[in-house]
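Visitor:
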Amino acid sequence: MARMKFLCDAERCIGCNACVTACKNENEVPWGINRRRVVTINDGKPGERSVSMACMHCTDPPCAAVCPVECIFPTEDGIVLHNKDQCIGCGYCFYACPFGAPQYPRVSNFGSRGKMDKCTYCAGGGGPEAPGSAEEYAKYGSDRFGEGKLPMCAEMCSTKALLAGDGDVIGQIYKERVVQRGYGSGAWGWLTAYQEDVKV
Amino acid sequence: MRSGAATGRAGGPRGKSRFAIFFACLRVVFGTLMCLTIAGTLPVLAEQFAPDGAPDPTASGVSQQTLLREVPRIEGYIDIPDTRASVLMQPAGRMWDHFHEVTLHWFGAVVIIGMIAVLGCAFLILGRLRISAGRSGTKVQRFNAFERFSHWLTAVSFVVLALTGLNITFGKILLLPVIGKDAFSSLSQAAKYVHNFTSFAFVIGLVLIVAMWLKDNIPRKVDVDWLRQGAGFIKSKHAPAGRFNAGEKAVFWLALLAGVAVAVSGYLLLFPFYVTNIVGMQIAQVLHAVIAVLFVALILGHIYIGTLGMEGAFEAMGSGEVDLNWAKEHHDLWLRDQLAKQHQPAVSGTAD
């Protein structure tokens, strides 16, 4: 089985936020929820870099470990999904997530959180809904993965900075880029998410 | 330059000192997972030039690994108004995961089961502490109705908070396998709301208790004598005490400290990210969990001595009236003042 990963090549990312828009559009993400975002480091300074970040679908995902109701789990493709029916909105996955991926709609008084929402790798949800069904779409968004397609964000990236797919393949693509152009700031988040880096 | 390089617009000196506190805390609490080090020198990020004099766009680009060696989390500028999203990466999340899933489980189990074991041993060795002189049949009022109401308001809300709180940490180990995921999830959802709302009742109870009993819980010289005389555990000696003995005073002050700490950290968690950032939230959760576990152990001891451990103690909080001989044995100075008050209502005496 291929191990699905994301990789953002910061030397190619131009911070256009098309991935953010593509994600919102594809998955009909509610207002105020951002499954993907672009963070610019050293904004306006020498060495400025933009990185597109969402759930990295970690190996040994910390969100799944801390979940008090065990509603988050990795699939056999390494995609981290969750069951919104079981989520209690405690917010612990946000404290554990190294990438700020979990999002919570504000549903009630105080800062009380609703059911957690995050990037599903466009692979539907982890609940009991039938894959590709309207119920699943309403809760979790698109199931492109079930149709053999990759996440919309990476597919839409105009500079091909954001890569999605089998970790070995996208790691190899990134490695070849770095070798060819002679520099690269690293596979952002890989060591933290997958406990391995792209060796160049 | 050091902070500017890594934190961009969103970071600041306040954030940096929080990092330092957070890491100091984590090292103390669970000195593991040292995958990150804050130490390390930062190359000065100035614009660099190629040999032909043109700015070199790649030379000043900072690599992810360099950044992570320098700061515990990488922050930057973000277009959306959600400031939390400006944190690109915080590998410390995995450390918090380790605390929550390994350290806290062991700590909680050892402290709470350990306390129950200690109390069990106490009961087996000491047994129930009887009233030495037997019951006199005469009653003295110890706590009035309002005092008992305040105590039970705090006590009931504490038990509710403790059970619903322990469910978040231990429920998935103890309860989930028994009742199944869906039932456990519904229960935990309800428990979360109960926990959130009961907190207000607990705080009100705590405020009332402090307002009523602060005066009588100020440490005095008689407390030293009480400890010297064996804290009431040695039958041949008499440990003198006013309205509250040194043990009760210890429970009062520890409960006040722990109560304030869990309330403050708890409200930080209840209003997430209103006043703090991700590091603050993690620290708040760590403090909330650790103090709450210790608080539960303290209250287990308090419940034991007030019910099983001592004859005649429960009725002080039950009916509000204690036996005269019990009062003589455990709170002689207070009894003397009470009796003096009864005989001469105009003259008010002070304890010890």
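As you go down the protein sequences, you meet chains A and B in turn.
Residue 1014 in the working numbering sits at position 85 of the first sequence; the count goes up by one each step and never skips.
Residue 201 in the working numbering sits at position 117 of the second sequence; the count goes up by one each step and never skips.
All C-beta atoms, glycine included, are put in the ideal place defined by N, C-alpha and C.
Expressed to the nearest angstrom, what Euclidean distance is found between the alpha-carbon atoms of Ala206/B and Arg304/B?
Guide: Straight-line Cα distance between these residues: approximately 28 Å.
Visitor: Please check if any C-beta of chain A sits within less than 9 Å of the C-beta of Ala295/B.
Guide: By this cut-off, Ala295/B is not an interface position.
Visitor: Tell me the DSSP secondary structure of Ala397/B in three-state form.
Guide: It is coil, neither helix nor strand.
Visitor: Tell me the DSSP secondary structure of Tyr351/B in three-state form.
Guide: It is helical.
Visitor: Near Thr1121/A, which residues of its chain fall below 7 Å by C-beta distance, leaving aside the five closest residues on each side in sequence?
Guide: Taken in chain order, the residues that qualify are Pro1027.
Visitor: Take Ile196/B and list the residues in its own chain whose beta-carbon comes closer than 7 Å to its own, dropping the five residues that flank it on each side.
Guide: Cβ neighbours of Ile196/B beyond the five flanking positions: Val377, Val380 and Ala381.
Visitor: In chain A, which residues lie less than 9 Å from Met365/B when you measure between Cβ atoms?
Guide: Simply Gly1020, Phe1023 and Tyr1024.
Visitor: Does Leu1091/A come out as helix, strand or coil in the three-state DSSP assignment?
Guide: In this structure, Leu1091/A counts as strand in the three-state DSSP scheme.
Visitor: Taking Cβ to Cβ, would you say Ile362/B is nearer than 9 Å to Tyr1112/A?
Guide: Taking 9 Å as the Cβ cut-off, Ile362/B and Tyr1112/A do not qualify as a contacting pair.
Visitor: Is the region 219-236 of chain B close to the region 404-419 of chain B, with three or more CB pairs under 8 Å?
Guide: At 8 Å Cβ cutoff, the stretches touch.
Visitor: Given this structure, state the Cα-to-Cα distance separating Phe344/B from Phe357/B, to the nearest angstrom.
Guide: This sequence places Val at residue 344/B; Phe is not what is there. Roughly 20 Å between the two C-alpha positions.
Visitor: Using 9 Å as the limit for Cβ to Cβ distance, is Ala285/B near chain A?
Guide: Ala285/B does not count as touching chain A.
Visitor: Is the Cβ-Cβ distance between Ala983/A and Cys942/A less than 9 Å?
Guide: Going by C-beta atoms, Ala983/A is not nearer than 9 Å to Cys942/A.
Visitor: Say whether chain A places a C-beta atom closer than 9 Å to the C-beta of Ser349/B.
Guide: Not closer than 9 Å to any Cβ of chain A, the Cβ of Ser349/B fails to qualify, so no.
Visitor: Any C-beta of chain B sitting closer than 9 Å to the C-beta of Ser1041/A?
Guide: Answer yes: the Cβ-Cβ gap between Ser1041/A and chain B drops below 9 Å somewhere.
Visitor: Is any beta-carbon of chain A found at less than 9 Å from that of Trp180/B?
Guide: It does: the Cβ of Trp180/B has a partner Cβ on chain A nearer than 9 Å.
Visitor: Just list the beta strand (DSSP E) runs in the region 196-282 of chain B, keeping only unbroken ones of 3 residues or longer that don't cross its boundaries, in chain order.
Guide: 223-225, all fully within the region 196-282 of chain B.
Visitor: Going straight from the alpha carbon of Val1036/A to that of Ser216/B, what length do you get?
Guide: The alpha-carbon atoms of Val1036/A and Ser216/B are separated by roughly 59 Å.
Visitor: At a Cβ cut of 9 Å, what residues of the region 938-971 of chain A count as close to chain B, listed as they run along the chain?
Guide: Flagged, chain order: Ala939, Glu940, Gly944, Asn946, Val949, Gly961, Asn963, Arg966, Val967, Val968, Thr969, Ile970 and Asn971.
Visitor: What three-state label does DSSP hand Leu936/A in the structure shown?
Guide: Leu936/A: strand per DSSP, three-state reduction.
Visitor: Using DSSP bridges, identify the partner residues of Pro1003/A.
Guide: Its beta-bridge partners are Val1009/A.
Visitor: With a threshold of 7 Å on Cβ separation, who are the neighbours of Leu245/B within its own chain once the five nearest residues in sequence on each side are excluded?
Guide: Correct list, in chain order: His279, Thr282, Ser283 and Phe286.
Visitor: Just to confirm my understanding: we take Leu419/B, look at its own chain, exclude 5 residues before and 5 after, and list those with CB closer than 7 Å. What are they?
Guide: So the qualifying residues of the chain are Val224, Ala411 and Lys412.
Visitor: Could you tell me how far apart the beta carbons of Val995/A and Tyr1033/A are, in whole angstroms, since I believe they sit closer than 8 Å?
Guide: Contact doesn't hold; Cβ gap of about 15 Å is too wide.
Visitor: Grab me the residues of Asn301/B's own chain with a C-beta within less than 8 Å of its C-beta, minus the 5 sequence neighbours each way, in chain order.
Guide: Same-chain partners within the cutoff: Phe328, Glu332, Lys333, Phe336 and Trp337.
Visitor: Return yes when at least one heavy atom of the ligand PLP lies under 8 Å from the C-beta of Gly160/B, else no.
Guide: Among the components modelled here there is no ligand, and therefore nothing to report on the ligand PLP.
Visitor: Should Glu154/B be flagged as near chain A, meaning a C-beta pair shorter than 9 Å?
Guide: So no, Glu154/B is outside the interface.
Visitor: Here's the rule I'm using: 16 or more other beta-carbon atoms within 10 Å means buried, otherwise exposed. How should Val346/B be labelled?
Guide: Buried, by the Cβ-count rule.
Visitor: For Gly393/B and Leu213/B, which I take to be in contact (beta-carbon distance under 8 Å), what is that distance rounded to the nearest angstrom?
Guide: Their Cβ separation, rounded to whole angstroms, is 6 Å, which keeps Gly393/B and Leu213/B in contact under 8 Å.
Visitor: Between Tyr1112/A and chain B, is there a C-beta pair that is closer than 9 Å?
Guide: Yes, contact with chain B.
Visitor: Name, please, each residue of chain A whose Cβ falls closer than 7 Å to the Cβ of Val171/B.
Guide: What Val171/B touches in chain A: Gly1029.
Visitor: From the DSSP output, in three-state form, read off Ala325/B for me.
Guide: It is coil, neither helix nor strand.
Visitor: Spell out whether any CB of chain A is found under 9 Å from the CB atom of Met118/B.
Guide: Caution is warranted here: a pLDDT of 38 is assigned to Met118/B, below 50, making its placement in the model unreliable, and no coordinate value can be reported.
Visitor: Counting only Cβ-Cβ distances shorter than 7 Å, please list the residues of the region 975-997 of chain A near chain B, keeping chain order.
Guide: Listed by position, the residues of the region 975-997 of chain A near chain B (Cβ gap below 7 Å) are Pro975, Gly976, Arg978, Val980, Met982, Pro991, Ala994, Val995 and Pro997.
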